[in-house]
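Peer 1:
Protein chains: 2
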Amino acid sequence: MTQTDRDLLPEGLEDRLPATAAVAARVTRAVLDAMDGHGYSRVQTPTIEFERSMASRMAGVQPRRMFRFVDPASLRMMAIRSDITVQVGRIAATGLAAAPRPLRLAYAGQVLTIKGDGLDPARERLQLGAELIGADSLAAAAEIVALAIEAVQAAGATGVSVDFTLPDLVDALAAEALPLAPEVIEAVRRELDAKDAGGLVAAGGAAYLPLLEAIGPFESAIERLAAFDKGGVLTGRIAALRAVAARVGTAARITLDPSERHGFEYQSWFGFTLYADGLRGALGRGGTYTILGQGGAAEPATGFSLYPDPLIDAIAASEPARDLLFLPLGHDTEIAGRLRAIGWRTVAALDAEDDPRRLGCTHRLDGQEAVRL
Amino acid sequence: MTQTDRDLLPEGLEDRLPATAAVAARVTRAVLDAMDGHGYSRVQTPTIEFERSMASRMAGVQPRRMFRFVDPASLRMMAIRSDITVQVGRIAATGLAAAPRPLRLAYAGQVLTIKGDGLDPARERLQLGAELIGADSLAAAAEIVALAIEAVQAAGATGVSVDFTLPDLVDALAAEALPLAPEVIEAVRRELDAKDAGGLVAAGGAAYLPLLEAIGPFESAIERLAAFDKGGVLTGRIAALRAVAARVGTAARITLDPSERHGFEYQSWFGFTLYADGLRGALGRGGTYTILGQGGAAEPATGFSLYPDPLIDAIAASEPARDLLFLPLGHDTEIAGRLRAIGWRTVAALDAEDDPRRLGCTHRLDGQEAVRL
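Right, here's the structure in full:
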């Protein structure tokens with residue numbers, strides 16, 4: 175094939191050809207339908223916004239990761255969205271400020287960053303998610319975790335597992351039971367996150383060493399966390415994690431990694447990461463957090479985001495071709511319409527030369543009947 | 175409401191709140207499902223591309239209407255897509271160059287322009303469409319027109335009408351039956367498009383005056399066009415229009431405006447515009463055209479694009495609120511799951527204070543039964 179300059183796509187940007195695009199559409203529908211069933215109403219946000227409104231709404235958004243440019247109309251800086259959560263937060267604080275809480279919203283859309291993420295060179299990704307705004311309680315966390323699992327399973331993920339974390343664990347312990355000098359807190363967090371026992375001791379966090387044991391399958395790890403929590407500072411959090419786990423039940427395997435911080439820097443008491451069989455890396459993550467509400471007041475929220483591109487690719491790779499029914503010239507269009515209404519996909523001949531097999535058809539309409547080719 | 179700078183959206187960019195977003199999703203699904211049923215496979219294109227590859231692919235794209243910026247990775251100029259048709263043309267010429275023809279592709283996505291269009295200040299619009307690549311025959315035109323009508327009707331449009339045009343009419347007549355000096359052709363086209371009889375005569379196109387009578391309801395207008403076509407230059411085109419009209423049958427009202435050019439500058443022999451009741455302006459347009467195929471060779475194509483935002487707004491404005499079932503604390507989750515499976519939308523109480531009416535619920539789960547509030 176002659177590949178001219180005109181045909182090149184920029185690094186990290188791709189087309190989805192039919193097999194993958196069909197799966198992407200199905201996965202998106204399945205996730206949105208699951209969220210809709212639980213009362214999460216879809217909202218849609220613009221592809222671009224003023225950079226300032228995206229950057230100032232939530233600490234987790236890094237303006238330097240966004241594509242930015244000057245708006246010829248306003249002469250102000252705009253950016254392509256890199257995260258829809260922030261935009262949903264804006265909607266909750268503006269257009270839906272007066273809507274009753276808790277407010278359940280869902281979204282699906284493409285997000286872009288100027289650089290890929292670690293090993294993944296993709297600069298455009300599909301983001302799907304749900305936000306429960308006005309609540310960050312145990313009940314909110316349990317609903318969101320259960321919904322995230324149901325949504326990814328509806329989308330076709332198998333062997334789903336969830337890893338729970340307690341993002342503000344070190345702050346909570348340092349404030350009461352295991353005091354730390356303010357200047358070492360960040361180092362202790364970092365060494366715990368890195369699971370580096372030596373580094374943790376060197377950083378002055380020897381008292382936190384048992385946390386590195388409270389990692390693994392949920393039931394045993396939470397026992398070790400409870401045993402470590404002699405002062406009872408974590409009693410509420412531990413009870414909450416147990417309740418969320420009970421709500422999940424057998425729907426997914428649960429693990430605990432209480433000191434995991436990476437990706438949860440802006441979450442409050444609870445965070446979780448979703449994994450599924452056959453997918454490298456996380457399928458999504460979520461937790462409790464705070465949005466900038468109406469007039470700048472903080473509003474609690476719980477939610478999750480999925481980045482299902484790897485799941486879509488995995489499903490598409492193992493998907494059989496769809497049936498396709500060839501309609502010869504002069505076919506009965508009413509019969510063809512009835513067959514489409516019961517789920518057949520048809521291709522009508524445009525001229526006598528059209529070859530059903532070459533066009534990928536699996537069946538041919540013969541009178542009133544679909545006959546396998 | 176305190177409206178801070180942080181909360182402002184740029185001119186021409188909007189959020190879709192739940193009522194409208196739900197309709198947008200339904201309309202998109204209905205159109206894509208109609209296209210899929212007729213063998214049009216969805217493809218997905220990146221939100222941004224190199225400006226050059228979008229601008230050089232098709233004469234109809236105006237680079238100056240696109241948001242443009244430098245890609246920090248390649249240091250080359252990129253643009254946000256303003257038209258997905260061009261991108262689908264690129265896919266047909268690259269990733270699907272070897273796929274058998276005719277190739278049926280469908281798409282849905284957001285497109286952006288730096289300025290709104292005439293009276294409509296929107297700078298972001300939903301574009302849905304189908305392309306039949308490798309054919310621009312009468313059969314191709316008939317399939318595309320019929321599909322466009324079926325798709326918008328599936329989406330909820332009523333009182334659909336289609337206006338046919340012959341974009342290269344003046345060129346065809348000027349080349350044979352009614353010669354025009356090369357320097358007046360453009361003026362004749364313009365005056366015909368403006369339906370200005372005086373201007374047409376002044377421009378030297380007096381012989382073309384009868385075309386201004388061949389406008390209106392299809393059956394009578396096509397008769398007048400045939401009567402005008404004494405030399406028989408248009409015989410093939412007239413027969414083709416009649417055949418396309420016969421295919422449409424009673425599905426939509428048809429009109430003819432053979433010299434309409436606006437918006438069809440890049441179409442070949444056939445163009446059409448779709449209208450529906452209650453919508454100001456066109457719902458979509460389509461026709462036959464040429465794409466830059468593999469290695470730069472021209473490839474014939476037929477297709478249509480819909481811009482359904484006004485239809486979505488009209489449907490949302492008259493839509494009743496959806497039923498919503500409140501699940502009290504301690505409800506039977508299995509029963510709730512079964513009700514969702516048969517189509518109920520549920521909202522679970524997070525605490526005892528949650529008030530079903532305030533949350534917009536229409537029903538409440540009482541034991542196994544949904545009871546109207």
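Residue numbers (the working numbering), protein chains in the order written: chain A, 175 to 547; chain B, 175 to 547. A virtual CB, placed ideally from N, CA and C, is assigned to each residue, including glycine. Please read all numbers here as calculations on a predicted model, not as lab measurements.
Cα-Cα, which of A:A195, A:K369, A:A272 and A:D431 is closest to B:I265?
Peer 2: A:A195
Peer 1: Does any residue of chain B have a CB that is nearer than 7 Å to the CB of A:V217?
Peer 2: yes
Peer 1: Residues of chain B with CB under 9 Å from A:D525, in chain order?
Peer 2: A309, S311 and A313
Peer 1: Shortest alpha-carbon distance to A:A450 belongs to which of A:Y481, A:G467, A:G379 and A:L466?
Peer 2: A:Y481
Peer 1: Just reading off the alpha helix (DSSP H) that A:S394 is part of, what are its end residues?
Peer 2: F392 to F402
Peer 1: Look at the alpha carbon of A:V326 and the alpha carbon of A:V260, and state the distance between them as a whole number of angstroms.
Peer 2: 22 Å
Peer 1: Could you work out which residues of chain A lie near B:L498, taking near to mean beta carbons separated by less than 9 Å?
Peer 2: G213
Peer 1: For a contact defined as C-beta to C-beta under 7 Å, what are the partners of A:Q284 on chain B?
Peer 2: T221
Peer 1: Give the DSSP bridge partners of A:F224, in chain order.
Peer 2: A:M252
Peer 1: Ignoring anything shorter than 4 residues or poking outside the stretch 327-380 of chain B, list the alpha helix (DSSP H) runs there in chain order.
Peer 2: 343-349, 356-368 and 371-376
Peer 1: Nearest to B:A526 by CA position, among B:A544, B:L533, B:P502 and B:R538, is which residue?
Peer 2: Of the listed residues, the one whose Cα sits closest to B:A526 is B:P502.
Peer 1: Below 9 Å between beta carbons is the criterion; list the residues of the stretch 438-454 of chain A that meet it against any residue of chain B, in chain order.
Peer 2: none
Peer 1: Would you identify the three-state DSSP class for A:Y382, choosing helix, strand or coil?
Peer 2: helix
Peer 1: If contact is defined by three or more beta carbon pairs under 8 Å, each pair taking one atom from either stretch, is the stretch 203-218 of chain A in contact with the stretch 516-525 of chain B?
Peer 2: yes
Peer 1: Over what stretch of residues does the beta strand (DSSP E) that includes B:I428 continue unbroken?
Peer 2: R427 to L430
Peer 1: Going by DSSP, what residues sit across from B:T476 in a beta bridge?
Peer 2: B:L306 and B:T462
Peer 1: Taking the alpha-carbon positions, what's the B:M175 to A:L457 distance?
Peer 2: Any answer about B:M175 is weak, because its pLDDT of 37 lies below 50 and its placement is not dependable; what the coordinates show is given next. Each residue's alpha carbon lies about 37 Å from the other.
Peer 1: Output needed in chain order: residues of the stretch 330-344 of chain B with a Cβ under 8 Å from some Cβ in chain A.
Peer 2: none
Peer 1: I'd like to know if A:V319 contacts chain B, where contact means its C-beta is closer than 7 Å to some C-beta of that chain.
Peer 2: no
Peer 1: Counting only Cβ pairs nearer than 8 Å, list the residues of chain A close to B:M209.
Peer 2: Under the 8 Å cutoff, chain A gives no residues; its nearest Cβ is about 10 Å from B:M209.
Peer 1: At the 7 Å Cβ level, is A:A247 part of the contact set with chain B, yes or no?
Peer 2: yes
Peer 1: Spell out whether any CB of chain B is found under 7 Å from the CB atom of A:L489.
Peer 2: A quick correction: the sequence has Ile, not Leu, at residue 489 of chain A. So no, A:I489 is outside the interface.
Peer 1: Which residue's Cα is closest to the Cα of B:L485: B:V205, B:D181 and B:D189?
Peer 2: B:V205
Peer 1: Taking the C-alpha atoms as reference points, what is the distance between B:G405 and A:L183?
Peer 2: 49 Å
Peer 1: Considering only their Cβ atoms, is the gap separating A:I254 from A:I222 smaller than 7 Å?
Peer 2: Yes; because the gap between Cβ atoms is below 7 Å, this pair is in contact.
Peer 1: Using beta carbons (cut-off 7 Å, strictly below), is B:I288 in contact with chain A?
Peer 2: yes
Peer 1: May I have the straight-line CA-CA distance separating A:R226 from A:I465, to the nearest angstrom?
Peer 2: 16 Å
Peer 1: By Cβ distance, which residues of its chain are closer than 6 Å to B:L312, with the 5 residues on each side in sequence left out?
Peer 2: A414 and A417
Peer 1: For chain B, find out if any of its Cβ atoms is closer than 7 Å to the Cβ of A:G504; answer yes or no.
Peer 2: no
Peer 1: Hey, is A:F402's beta-carbon within less than 7 Å of any beta-carbon in chain B?
Peer 2: no
Peer 1: How long is the line joining the alpha carbons of B:A425 and B:T447, rounded to whole angstroms?
Peer 2: A straight line joining the alpha-carbon of B:A425 with that of B:T447 spans about 15 Å.
Peer 1: List, in order along the chain, the chain B residues whose C-beta lies closer than 7 Å to that of A:G292?
Peer 2: Those within 7 Å of A:G292 in chain B number zero; the least Cβ separation is about 16 Å.
Peer 1: Measuring straight from C-alpha to C-alpha, what distance separates A:A400 and A:E324?
Peer 2: 29 Å
Peer 1: Can you give me the start and stop residues for the beta strand (DSSP E) that A:R546 sits inside?
Peer 2: Residues E543 to R546.
Peer 1: I need the DSSP call for B:T194, collapsed to helix, strand or coil.
Peer 2: Helix at B:T194.
Peer 1: If you measure from the beta carbon of B:S433 to each beta carbon in chain A, is any gap under 7 Å?
Peer 2: no
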